[in-house]
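Here is the structure we will look at.
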Amino acid sequence: MIIGATALCWALWLNINDLLFKGTITNSFLQVIFRGTHWTRTWAVLSKEEEKIDLKKNCSRFEVTAMEFFNKYGWNFRRRILQ
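Next up, the structure:
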């Protein structure tokens, strides 16, 4: 849980740095979420085996929940990715 929260904070920090120093604008909140889950999966390599499995499973759940939430309120994530 702490690793995931830390990874999300790190992803938000990286996106803010990208905006300030590179001038890139984040397309959506999902970009921050997927960046955070990427870092969580990367850090999971250093965890114990049972924690590693839980971290990866929870990352997938979080991504699906986020996509369903945004889709429920009118944002079609598939259209955005394909364009």
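The sequence shown runs -26 to -1, 1 to 57 under mature numbering (1 follows the signal peptide of the UniProt record, and there is no 0). Glycine is no exception: its CB is placed at the ideal position from the N, C-alpha and C atoms. Note that the coordinates shown come from a computational prediction; the quantities given were computed from them, not determined experimentally.
- Excluding the 5 residues flanking it on each side, serine 21 has same chain C-beta neighbours closer than 7 Å at Leu29, in chain order.
- Around the beta carbon of arginine 35, a 10 Å sphere encloses fewer than 16 other beta carbons of the protein chains shown; the residue is thus reported as exposed.
- If the five residues before and after alanine -20 are omitted, its C-beta is found closer than 6 Å to the C-beta atoms of Gly10, Trp13 and Thr14, all from its own chain and listed in chain order.
- Valine 6 and asparagine -12 do touch by the CB rule: their CB atoms are close to 5 Å apart, below 8 Å.
- Only buried fits alanine -16, as 16 or more other CB atoms lie within 10 angstroms of its CB.
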